[in-house]
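Enquirer:
There are 2 protein chains.
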Amino acid sequence: MNLNEKTARRDLIVRAAANVFAEKGFNNTLMVDIARTAGIGKGTIYEYFRSKDDLFLAVFDYFVQKLNESSVTVTTLALDSAADRLDALSRSIAAWVIRHRDIYTLTLEFWAASVTGSAEMREKLKMAFQDIYRKFRLLCASIINDGIGRGEFRAGIDSEAIASAIVGSWDGLCLQSWFEDDFDIEKTIAAYTDTLLRGLLTA
Amino acid sequence: MNLNEKTARRDLIVRAAANVFAEKGFNNTLMVDIARTAGIGKGTIYEYFRSKDDLFLAVFDYFVQKLNESSVTVTTLALDSAADRLDALSRSIAAWVIRHRDIYTLTLEFWAASVTGSAEMREKLKMAFQDIYRKFRLLCASIINDGIGRGEFRAGIDSEAIASAIVGSWDGLCLQSWFEDDFDIEKTIAAYTDTLLRGLLTA
DNA sequence: ATAATATCCGACCAGCCAGTCGGAAAATGA
DNA sequence: TCATTTTCCGACTGGCTGGTCGGATATTAT
Numbered sequence: 000m001n002l003n004e005k006t007a008r009r010d011l012i013v014r015a016a017a018n019v020f021a022e023k024g025f026n027n028t029l030m031v032d033i034a035r036t037a038g039i040g041k042g043t044i045y046e047y048f049r050s051k052d053d054l055f056l057a058v059f060d061y062f063v064q065k066l067n068e069s070s071v072t073v074t075t076l077a078l079d080s081a082a083d084r085l086d087a088l089s090r091s092i093a094a095w096v097i098r099h100r101d102i103y104t105l106t107l108e109f110w111a112a113s114v115t116g117s118a119e120m121r122e123k124l125k126m127a128f129q130d131i132y133r134k135f136r137l138l139c140a141s142i143i144n145d146g147i148g149r150g151e152f153r154a155g156i157d158s159e160a161i162a163s164a165i166v167g168s169w170d171g172l173c174l175q176s177w178f179e180d181d182f183d184i185e186k187t188i189a190a191y192t193d194t195l196l197r198g199l200l201t202a
Numbered sequence: 000m001n002l003n004e005k006t007a008r009r010d011l012i013v014r015a016a017a018n019v020f021a022e023k024g025f026n027n028t029l030m031v032d033i034a035r036t037a038g039i040g041k042g043t044i045y046e047y048f049r050s051k052d053d054l055f056l057a058v059f060d061y062f063v064q065k066l067n068e069s070s071v072t073v074t075t076l077a078l079d080s081a082a083d084r085l086d087a088l089s090r091s092i093a094a095w096v097i098r099h100r101d102i103y104t105l106t107l108e109f110w111a112a113s114v115t116g117s118a119e120m121r122e123k124l125k126m127a128f129q130d131i132y133r134k135f136r137l138l139c140a141s142i143i144n145d146g147i148g149r150g151e152f153r154a155g156i157d158s159e160a161i162a163s164a165i166v167g168s169w170d171g172l173c174l175q176s177w178f179e180d181d182f183d184i185e186k187t188i189a190a191y192t193d194t195l196l197r198g199l200l201t202a
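Chains as they are written, first to last, in numbering that gives the first Met the number 0: chain A, 0 to 202; chain B, 0 to 202.
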């Protein structure tokens, strides 16, 4: 079995695990469930992963990788006005969330595990989430700062605070959409971004 | 043992359970941990609660009750301008979150359980969260609509979308503060509310 | 073709823990 | 004081499941 086959099999297990974890949660998932979903024997999983924790963290890495891949398209997007870029970013996030709606329930598991997982798990998840949030805040803040520099947005805006709130609203709206079946994330984010931008623009 | 004593003992157990669940999470919490924290025997818990699930739901009810008690102070607060009321509401939420920082990690457990708990648990938590979010959105939306009615805010604002985003940002900022140690929620919400209000006000 | 190696597998085991239960202890009543 | 009822408790158990291991199967090498 060459390296490609090995990697492919590993990926197969990770994807199967992602589905089962998303559906049942970490603690209610049996290793044998994952094996069955992947169409392999339970023992085989342990050829690729040390433990259930280890596999869960691999699923997390897979999730982070997906997230990073998608956001690239936006950061490289060069629109002229800061307002347009902020708007494009928001829309892109909304679209991503909707495209990955099923995987999204995993996030709840990751959040919970960052509080109540094993020491190693907490450590790793907490660091990773810090990175993710910092990165998105930085992205928003730099667009806002750029807007201020161009005289497009008011001076004296606390760009970091606004960036935090924007990123926070993404999480918060996803949560609400989880609880409310007919919740239109895209429409909501669009309307919200429009109003927030008015507050940012120079009068 | 009269009714008061009975209720007091039940509360003792619920509070102990809340602490242990918050620290260790539902699945890593042992009934004997809760008993020890409450200073009673494990068997005694089962005199007051049918099961671990049952106790967890009681903790959730306790949490919801605390939340409802606190928000009353704001809704009865009668300020003249809609902007001031929205600002006061945001500050009040920020203050509540900070005062209950320790209990807040419980929310992550409740969210997770609403996805991966037992059928009965999912049902109950999902309904309850729907109610909570609806209530807060309604509160925000009514203030915004009032502002529009008075000519204080621009006409044509999608008040429900803005309300969703405001409520969402509360959750999202709490999450970020969990991951980032030196995160100033109050300052962030204040700066954010200020900017958002500028976007709402008539030009 | 046959040996040697790599991969796969699932029956099994050991540890864990929610919930039980029978008796101790405390409260109540007579 | 003693009987009766209520409350408390923690040792025990039954079911569950992560991880192991030895043999089965597939692949590669000679």
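Note that CB positions come from ideal geometry on N, CA and C, so glycine has one too.
By the 10 Å Cβ neighbour count, where 16 or more other Cβ atoms means buried, how is B:Ala81 classified, buried or exposed?
Expert: buried
Enquirer: If you pair each beta-carbon of the stretch 117-124 of chain A with each one of the stretch 175-185 of chain A, do three or more pairs fall below 8 angstroms?
Expert: no
Enquirer: Tell me which residues of the stretch 6-36 of chain A have at least one Cβ-Cβ distance to chain B shorter than 7 angstroms, keeping chain order.
Expert: Lys23, Gly24, Asn26, Asn27
Enquirer: Can you name the residues that DSSP bridges to B:Leu200?
Expert: B:Phe152
Enquirer: Would A:Val19 be called buried (16 or more neighbouring beta carbons within 10 Å of its own) or exposed?
Expert: buried
Enquirer: Any beta carbon from chain B within less than 8 angstroms of A:Thr43's own beta carbon?
Expert: no
Enquirer: Residues of chain A with a CB under 7 angstroms from the CB of B:Thr187: which are they?
Expert: Ala160, Ser163, Ala164
Enquirer: Residues of chain A with a CB under 9 angstroms from the CB of B:Trp169: which are they?
Expert: Gly167, Gly171
Enquirer: Relative to chain A, which residues along the stretch 86-111 of chain B have a C-beta separation below 8 angstroms, given in chain order?
Expert: Of all residues in the stretch 86-111 of chain B, those with a C-beta nearer than 8 angstroms to a C-beta of chain A are Thr104, Leu107, Glu108, Trp110, Ala111, reading in chain order.
Enquirer: State the DSSP-derived secondary structure class of B:Asp157, mapped to helix, strand or coil.
Expert: coil
Enquirer: Using only CA atoms, which one of B:Val63, B:Met30, B:Ser70 lies nearest to B:Tyr45?
Expert: B:Met30
Enquirer: Select from A:Arg197, A:Gly155, A:Lys186 the residue whose C-alpha is nearest the C-alpha of B:Ala164.
Expert: Of the candidates A:Arg197, A:Gly155, A:Lys186, the one whose C-alpha sits nearest the C-alpha of B:Ala164 is A:Lys186.
Enquirer: Which residues, taken in chain order from the stretch 111-134 of chain B, show a beta carbon closer than 7 angstroms to some beta carbon of chain A?
Expert: Against chain A - using a Cβ distance shorter than 7 angstroms - the residues of the stretch 111-134 of chain B are Ala111, Val114, Thr115, Lys125, Phe128, Gln129, Tyr132.
Enquirer: In chain order, what residues of the stretch 146-160 of chain A put their CB closer than 7 angstroms to some CB of chain B?
Expert: Ile156, Asp157, Ala160
Enquirer: Under 8 angstroms between C-beta atoms, does A:Thr201 make it to chain B?
Expert: no
Enquirer: Consult DSSP for A:Glu122 and reduce its assignment to one of helix, strand or coil.
Expert: helix
Enquirer: So the candidates are B:Lys5, B:Ile184, B:Asp170; which of them puts its Cα closest to the Cα of B:Thr106?
Expert: It is B:Asp170 whose Cα lies nearest to the Cα of B:Thr106.
Enquirer: Contact between the stretch 22-29 of chain B and the stretch 110-118 of chain A: three or more CB pairs below 8 angstroms?
Expert: yes
Enquirer: Can you find a CB in chain A that lies within less than 8 angstroms of the CB of B:Arg84?
Expert: Closer than 8 angstroms: no.
Enquirer: Any beta-carbon of chain A closer than 8 angstroms to the one on B:Arg49?
Expert: no
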